[in-house]
Amino acid sequence: SQTIHQWPATLVQPVGSPLSLECTVEGTSNPNLYWYRQAAGRGLQLLFYSVGIGQISSEVPQNLSASRPQDRQFILSSKKLLLSDSGFYLCAWTPGPLPGTEAFFGQGTRLTVV
Amino acid sequence: SQQGEEDPQALSIQEGENATMNCSYKTSINNLQWYRQNSGRGLVHLILIRSNEREKHSGRLRVTLDTSKKSSSLLITASRAADTASYFCATNPISGAGSYQLTFGKGTKLSVIP
Numbered sequence: 022s023q024t025i026h027q028w029p030a031t032l033v034q035p036v037g038s039p040l041s042l043e044c045t046v047e048g049t050s051n052p053n054l055y056w057y058r059q060a061a062g063r064g065l066q067l068l069f070y071s072v073g074i075g076q077i078s079s080e081v082p083q084n085l086s087a088s089r090p091q092d093r094q095f096i097l098s099s100k101k102l103l104l105s106d107s108g109f110y111l112c113a114w115t116p117g118p119l120p121g122t123e124a125f126f127g128q129g130t131r132l133t134v135v
Numbered sequence: 175s176q177q178g179e180e181d182p183q184a185l186s187i188q189e190g191e192n193a194t195m196n197c198s199y200k201t202s203i204n205n206l207q208w209y210r211q212n213s214g215r216g217l218v219h220l221i222l223i224r225s226n227e228r229e230k231h232s233g234r235l236r237v238t239l240d241t242s243k244k245s246s247s248l249l250i251t252a253s254r255a256a257d258t259a260s261y262f263c264a265t266n267p268i269s270g271a272g273s274y275q276l277t278f279g280k281g282t283k284l285s286v287i288p
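Quick mapping for you: the protein sequence lines, in order, are chains A and B.
Basically the numbering used here = 1-based index in the first sequence + 21.
Basically the numbering used here = 1-based index in the second sequence + 174.
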């Protein structure tokens with residue numbers, strides 16, 4: 022069966038520090054991968070998605086970047102965190118290569134920038 | 175940007191009652207999906223309804239879709255305290271690069287009182 026791992030679960034980082042959140046999927050190949058951010062009491066905002074290794078689509082210009090160094094690994098990064106980067110970050114995958122299927126989510130990372 | 179808008183934002187009912195949540199969206203879709211999120215956790219897929227379907231059932235869940243009105247509803251029958259969660263609708267665009275995306279609304283927070 023397929024599983025998605027996202028870590029860490031919680032993170033407190035000072036303003037200006039770097040960020041690296043990692044997400045891995047097991048039990049499938051060539052998944053479509055996604056990073057979302059959820060502000061308190063809000064819906065999910067799509068940040069990045071990837072349909073293959075090295076292919077990253079950015080939806081929102083911001084202080085963050087994403088990379089997909091391996092088929093089932095998706096990394097969210099920042100060189101210098103801002104207070105506004107605080108939020109709940111969720112990684113998700115859908116079966117590739119076709120679009121329009123159900124998404125499977127990780128348990129999320131609660132990021133607080135102080 | 176968020177395409178789906180759920181209504182109401184919050185709903186409180188007694189155990190055993192039915193809960194109805196609505197979702198409106200703006201553009202043409204390939205499918206519409208409903209997700210559940212327990213507090214501080216990742217989202218869990220509940221049901222997917224395609225644009226050529228009008229109604230779908232899964233256990234105690236019933237989803238309707240009216241593409242002419244660009245709206246959907248989620249009905250949970252005989253609610254239980256364990257149904258307490260936030261419920262989100264997500265739309266999948268009909269074609270193009272955007273077809274890999276899911277656009278989420280802000281969610282309905284459901285509280286089921288024992």
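Cβ atoms here follow ideal geometry from the backbone N, Cα and C, with glycine treated the same way.
Check                                                                                                                       : Outcome
Cβ shell of THR251/B (< 6 Å), same chain only, five flanking positions each side left out                                   : ASN192, ARG234
Cβ neighbours of ASN51/A in the same chain (closer than 8 Å, five flanking residues each side left out)                     : GLY73, ASP92, GLY117, PRO118
Cut-off 8 Å between Cβ atoms - residues of its own chain near GLU47/A, not counting five sequence neighbours on either side : GLN23, THR24, ILE25, HIS26, ARG93
Residues that DSSP places opposite GLN53/A in a beta bridge                                                                 : According to the sequence displayed, residue 53/A carries Asn and not Gln. DSSP output for ASN53/A lists THR115/A as bridge partner(s).
Residue-level contact to chain A via CB, HIS219/B, 7 Å cutoff                                                               : yes
CB contact check: TYR70/A to chain B, cutoff 7 Å                                                                            : yes
Under 9 Å from the C-beta of ARG215/B: neighbouring residues of chain A                                                     : PHE126, GLN128, GLY129
Residue burial classification, GLN59/A (beta-carbon count within 10 angstroms, cutoff 16)                                   : buried
Chain A contacts from the segment 270-287 of chain B (Cβ-Cβ distance under 9 Å)                                             : ALA271, GLY272, SER273, TYR274, GLN275, LEU276, THR277, PHE278, GLY279, LYS280, GLY281, LYS283
Neighbour list for ASN196/B in chain A, Cβ cutoff strictly below 7 Å                                                        : Near ASN196/B there are no residues of chain A at all, since even the closest Cβ is about 15 Å away, more than 7 Å.
CB-CB length for SER247/B against THR194/B, believed under 8 Å                                                              : 6 Å
Proximity winner among THR115/A, LEU132/A, GLY127/A, relative to THR49/A (alpha-carbon distances)                           : THR115/A
Whole-Å CB distance - ASN204/B paired with ILE268/B, under 8 Å assumed                                                      : 5 Å
Cβ contact check for the segment 126-133 of chain A and the segment 93-111 of chain A: 3 or more pairs under 8 Å            : yes
With 16 other Cβ atoms within 10 Å as the buried cut-off, status of PRO120/A                                                : buried
Short CB-CB distance (under 7 Å) between GLY64/A and chain B                                                                : yes
Own chain, CB closer than 7 Å to ASN212/B, minus 5 neighbours either side, in chain order                                   : ALA259
ALA61/A versus SER79/A: straight-line alpha-carbon distance, rounded                                                        : 22 Å
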